[in-house]
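In this note's numbering, the protein residues as written are 195 to 496.
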């Protein structure tokens with residue numbers, strides 16, 4: 195409960211600091227700290243604690259199956275309800291991808307404990323991160339007139355992304371035992387993830403409902419916060435996943451819209467108001483839905 199309170203408090207601090215002029219450019223700085231320092235420290239410290247098992251395959255498979263299923267749902271709904279190309283393109287970015295690192299890791303730490311973090315990192319790096327560098331550029335090229343899809347650009351993003359570098363470094367030094375002083379400092383840097391990431395989320399929250407886009411907004415929120423974890427639960431049962439791996443997978447699937455997806459949609463003029471609303475209201479709803487899904491996970495996925 196204390197960890198969940200810290201997450202909420204830091205988001206509220208971020209919301210309050212939106213009115214302070216000195217913090218106008220703070221989100222970019224805080225995001226950079228998380229990506230370049232805190233998240234790599236979390237990866238180097240926690241990833242070696244992972245217990246290898248057949249269930250790890252599910253951590254990689256589930257996010258990609260969910261991406262395919264939800265993208266198909268968006269396309270079907272867009273055609274059935276006559277949504278504009280911009281709206282469909284925006285929802286293809288906003289619905290399948292969840293906030294599995296900035297919000298996901300702090301929330302999992304609060305709701306499931308530190309044992310879930312190594313598995314959350316696998317879900318995030320093998321699922322969400324690869325989707326960011328592979329799927330988002332493809333949708334942008336298809337729906338925002340970005341030209342051809344560039345594999346060279348994709349590979350460059352993958353090999354220069356600090357958390358991916360940290361993951362590869364950790365795998366290369368898997369059996370190496372770090373000196374105590376270095377391990378202690380790694381933990382201290384990793385501990386900055388929750389407060390810094392959550393203040394950054396609070397600074398970027400927008401809680402205005404998008405006028406004229408009520409239907410797509412309601413659809414996106416229902417699929418993102420309700421249907422996706424239900425689909426994930428079905429996949430978890432199908433793959434016979436259990437314990438903390440299964441619980442982590444379910445909660446990661448229940449995360450609200452990824453901020454990066456909203457930023458990409460906004461930068462390409464794919465319904466910016468819809469993107470801001472889904473991120474803002476999604477984070478707010480997550481404080482109700484995620485604890486509920488955590489209880490479901492403990493009961494149904496022991």
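Using N, Cα and C, we set each Cβ at its ideal position, and we do this for glycine too.
Q. Per the contact definition of three or more C-beta pairs closer than 8 Å, is the region 427 to 434 in contact with the region 242 to 253?
A. Contact holds: three or more Cβ-Cβ distances are below 8 Å.
Q. In terms of residues, what are the limits of the alpha helix (DSSP H) holding residue 330?
A. Element bounds for residue 330: 324 to 337.
**Q.** Sufficient close CB pairs (3 or more, under 8 Å) joining the region 293 to 313 to the region 417 to 424
**A.** The answer is no - the region 417 to 424 does not touch the region 293 to 313, with fewer than three Cβ pairs under 8 Å.
(Q) Using only the alpha-carbon positions, how far apart do residue 346 and residue 388 sit? (A) So the alpha carbons of these two residues sit roughly 33 Å apart.
**Q.** Cβ shell of residue 467 (< 6 Å), same chain only, five flanking positions each side left out
**A.** If we look at residue 467 and ignore the five residues flanking it on each side, its Cβ neighbours are 404.
Q: State the beta-bridge partners of residue 292 as determined by DSSP.
A: The secondary-structure analysis by DSSP pairs residue 292 across a beta bridge with 451.
Q: Compute the Euclidean distance between the alpha carbons of residue 264 and residue 386, then round it to the nearest angstrom.
A: Taking the straight line joining both Cα atoms gives about 33 Å.
Q) Looking at the C-beta of residue 204, does it have a partner C-beta in chain B at a distance below 8 Å? A) Looking for chain B here will not work: only one protein chain is present.
Q. Of the residues 287, 338 and 222, which one's Cα is nearest the Cα of residue 395?
A. That would be 222, whose Cα lies nearest to the Cα of residue 395.
Q: Throw me the rounded Cβ distance for the residue 384 and residue 215 pair, which I believe falls under 8 Å.
A: Taking 8 Å as the upper bound for CB-CB distance, residue 384 and residue 215 are not in contact here, some 31 Å apart.
Q | Separation of residue 285 from residue 359, as counted between CA atoms | A | Looking at the two C-alpha atoms, the distance is approximately 30 Å.
(Q) To the nearest angstrom, how far is the alpha carbon of residue 248 from that of residue 439? (A) Take the alpha-carbon of residue 248 and the one of residue 439: they are about 10 Å apart.
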